[in-house]
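For reference, the structure is listed below as structure tokens.
In UniProt numbering, the protein residues as written are 1 to 173.
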């Protein structure tokens, strides 16, 4: 999907997935007979428990473009680490012109994110986080950059195993 090795793919069977429409775009093709209108939709699906996916659908009607996007999103589900409704550590990623920064926040902070970033984080089940989107606001690139940032996060268990120390040592030094 985004060329990352450590991603954990998930099968959609048995998951209670909710879809969130990020953007619908009307596209026009000028032909000899006039203008032909079409629609492209980008959708994020997730179980609000760390499993998320995004998809793109194109069609002549809005409803079928959204349906195609949801089907595409279900084919690209991945697991991201969510701890206590936030992320384990801060991360940043860039995709195209979109630059995303994510920082964990204490309980009660809320979801400080806008637009496409908010849709991705809500679908993942993240409730307390600080985010900043810099550069391009193109929803396609913002969604992909957010996914890249979330997939760059390493689980504390993985870090403890790599360092050969206990889990409490990772958090408390």
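Backbone N, C-alpha and C fix where the C-beta goes; we use that ideal spot for every residue, glycine too.
Every value quoted in this text rests on a predicted model; they were computed, and no experiment measured them.
Simplified DSSP state of residue i, which is helix, strand or coil
{"i": "residue 110", "result": "coil"}
{"i": "residue 150", "result": "helix"}
{"i": "residue 169", "result": "helix"}
{"i": "residue 1", "result": "Residue placement at residue 1 cannot be trusted, given a pLDDT of 49 that sits under 50; the coordinates are not used to answer."}
{"i": "residue 155", "result": "coil"}
{"i": "residue 8", "result": "strand"}
{"i": "residue 93", "result": "strand"}
Residue burial classification, residue i (beta-carbon count within 10 angstroms, cutoff 16)
{"i": "residue 167", "result": "exposed"}
{"i": "residue 116", "result": "buried"}
{"i": "residue 28", "result": "exposed"}
{"i": "residue 134", "result": "exposed"}
{"i": "residue 172", "result": "exposed"}
{"i": "residue 31", "result": "exposed"}
{"i": "residue 165", "result": "exposed"}
{"i": "residue 50", "result": "buried"}
{"i": "residue 148", "result": "buried"}
{"i": "residue 118", "result": "buried"}
Distance between residue j and residue i (C-alpha atoms, nearest Å)
{"i": "residue 18", "j": "residue 169", "result": "37 Å"}
{"i": "residue 52", "j": "residue 97", "result": "22 Å"}
{"i": "residue 25", "j": "residue 41", "result": "6 Å"}
{"i": "residue 38", "j": "residue 67", "result": "14 Å"}
{"i": "residue 153", "j": "residue 35", "result": "45 Å"}
{"i": "residue 57", "j": "residue 139", "result": "14 Å"}
{"i": "residue 73", "j": "residue 142", "result": "16 Å"}
{"i": "residue 126", "j": "residue 33", "result": "49 Å"}
{"i": "residue 9", "j": "residue 60", "result": "31 Å"}
Assumed close pair residue i, residue j - CB separation to whole angstroms, cut-off 8 Å
{"i": "residue 123", "j": "residue 45", "result": "6 Å"}
{"i": "residue 145", "j": "residue 103", "result": "Actually they do not touch by this definition, with Cβ atoms about 15 Å apart."}
{"i": "residue 136", "j": "residue 101", "result": "Actually they are not in contact, since the Cβ atoms of residue 136 and residue 101 sit about 14 Å apart, beyond 8 Å."}
Which runs of the alpha helix (DSSP H) fall wholly inside the stretch 50-81 and span at least 4 residues, in chain order?
-> Within the stretch 50-81, the complete alpha helix (DSSP H) runs of at least 4 residues are 62-75.
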